[in-house]
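Read through the structure below, which is laid out as structure tokens, and then see the notes.
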Amino acid sequence: MLDRLQIVKQRFDEISDLIIQPDVISDQKRYVQLNQEYKSLKALAEKRDEYVILMANIDEANEIIADNSDADMTEMAKMQLEEAKERLPELEEEIKFMLIPKDPEDAKNVMVEIRAGTGGDEASIFAGDLFRMYTKYCENRGWRTSVVDMNEGTSGGFKEVIFEVTGEDVYGTLKFEAGVHRVQRVPQTETQGRVHTSAATVMVLPEAEEFDVQIDMNDVRVDFFCSSGPGGQSVNTTKSAVRLTHIPTGLVAQCQDQKSQHKNKDKAFGVLRSRLYEQELAKKQAEDATTRTSQVSSGDRSAKIRTYNYAQGRVTDHRVGLTLYDLGNIMNGDIQKIVDELALVNNMEKLKEASEVF
């Protein structure tokens, strides 16, 4: 393990020097990539330092005990050795998890798309509930959310809502939320008290930088139209909303959240880049799936991943068999227990694959 940690230390020292070089700072793509690597290696370099000190303490304590020329020093050395040996297995486990290669996309911001599925008006209301749940969670994490586009339901909620989340390690945290979310409850419009099952689909796309995806403007059709949502007096009078169609793939992205046509165009391009980037990422995940099957894969959009049962106050994540009877708080944004469990299972799978290295 110390050999691997020494390689990490050498790379960390190398990057520490590179990110202050003028030629690297002027190369935006390389600078961003190196900065992300610096952040991921910094914590591991600190753990490596702790590991080296701990091993030195063990060696020193063993020498003093073997010498046994000073009773007081020997007693202190025994205490030091006991503390170090108690900490060592725990530290080694922490380092093993940190040595698991991270997905380079994990540090990216995301575009989250929530669409009402089966269930009519109730599905739209549920999509709105999920939107509120995620925005509350992001707020609690100190992340910033910004609506890109929305299509409101006839009885509340959304037929579709797209929003951007910016912060630290957003994609790595939210990527396992992608899939079909199912709700079981009595709809507001139900007069006979019958429980209905509705669904909404969540997509979590890593936000692509301009240098991640090159878009040929000759391949994009740009249409301007009047906004249909909130926006003050300019709504339906000014063509501020923007729709982009990527002709080679047929992908469509639009934004009507801002009053400014220019800002809407920039946001729509952000969505389009992320969708194109996600297509390539999905291909890579499909290739990886031939050699690795994960319980908590973020690639299958059609998989039913979670059920929210209102009658029992229960939320069940079907991938890891986790059931929590805390629906009220979860719908109010307290999903950290679910996020942590999914991350733990994913890391355990990766650790199992990498076990032969250790």
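Numbering (UniProt numbering), first residue to last: 1 to 358.
Yeah, the Cβ is synthetic: ideal placement off N, Cα and C, and Gly gets one too.
### Query
Between the region 105-123 and the region 160-169, are three or more C-beta pairs nearer than 8 Å?
yes
### Task
Excluding the 5 residues preceding and the 5 following Thr135 in the sequence, name in chain order all residues of the same chain whose CB lies nearer than 7 Å to its CB.
Translated into positions along the sequence shown, residue 135 becomes position 135. Thr145, listed in sequence order.
#### Entry: Nearest to Tyr51 (by Cα), restricted to the options Ser69, Glu37, Lys9
Here the question's residue 51 lines up with position 51 in the sequence shown. Closest by alpha carbon: Lys9.
### Query
Which residue from His196, Glu209, Val339, Val180 puts its Cα closest to that of Met203?
For the purposes of this step, residue 203 is taken as the residue at position 203 of the sequence shown. If we check each option's Cα against that of Met203, Val180 comes out closest.
### Message
Is any non-hydrogen atom of the ligand MN found closer than 7 Å to the C-beta of Ile125, if you look at the structure I gave you?
### Response
No copy of the ligand MN occurs in the structure displayed, which carries no ligand at all.
### Query
By the 10 Å Cβ neighbour count, where 16 or more other Cβ atoms means buried, how is Arg273 classified, buried or exposed?
In the sequence shown, residue 273 corresponds to position 273, counting from 1. Classification of Arg273: buried, given that the 10 Å Cβ count is 16 or more.
### Alpha-carbon to alpha-carbon, Glu349 and Lys283
Within the sequence shown, residue 283 is the residue found at index 283, counting from 1. Within the sequence shown, residue 349 is the residue found at index 349, counting from 1. Approximately 21 Å between the Cα atoms of the pair.
### Task
Starting from Gln336, follow its DSSP beta bridges and name the residues at the other end.
In the sequence shown, residue 336 corresponds to position 336, counting from 1. Looking at the DSSP output, Gln336 bridges to nothing.
### Task
Within the same chain, show all residues whose beta-carbon is closer than 8 Å to that of Gly128, passing over the 5 residues directly before and after it, in chain order.
Sequence index remark: in the sequence shown, residue 128 carries index 128 (1-based). Closer than 8 Å at the Cβ level, and outside the excluded window around Gly128, lie Gly153, Gly156, Gly157, Phe158, Val161.
### Task
Check each candidate in Leu2, Ile7, Arg182, Glu93 and name the one with the smallest Cα separation from Asn309.
For the purposes of this step, residue 309 is taken as the residue at position 309 of the sequence shown. Selected option, being the one with the closest Cα: Arg182.
### Task
State yes or no: is the C-beta of Leu54 within less than 8 Å of the C-beta of Phe12?
Here residue 54 is taken as the residue at index 54 of the sequence shown, counted from 1. Here residue 12 is taken as the residue at index 12 of the sequence shown, counted from 1. No, the Cβ-Cβ distance between Leu54 and Phe12 is not below 8 Å.
### Query
Excluding the five sequence neighbours on either side, which residues of its own chain have a C-beta within less than 6 Å of the C-beta of Ile25, listed in chain order?
As a position in the sequence shown, residue 25 is number 25, starting the count at 1. Result list for Ile25: Tyr31, in chain order.
### Task
Below 6 Å CB to CB, which residues in the same chain sit around residue 380 once its five sequence neighbours on both sides are set aside?
There is simply no residue 380 to check, as the chain begins at 1 and stops at 358 in what is shown.
### For His196 and Ala123, the rounded distance between their alpha carbons
Here residue 123 refers to the residue found at position 123 when the sequence shown is read from its first residue. Here residue 196 refers to the residue found at position 196 when the sequence shown is read from its first residue. Taking the straight line from one Cα to the other gives about 10 Å.
### Task
Give, in chain order, every unbroken run of the beta strand (DSSP E) that is at least 3 residues long and sits entirely within the region 109-186.
110-116, 144-152, 158-166, 179-185
#### Entry: Rounded separation between Glu90 and Gln21 - CA only
Sequence index remark: in the sequence shown, residue 90 carries index 90 (1-based). Sequence index remark: in the sequence shown, residue 21 carries index 21 (1-based). In this structure, the alpha-carbon of Glu90 lies about 37 Å from that of Gln21.
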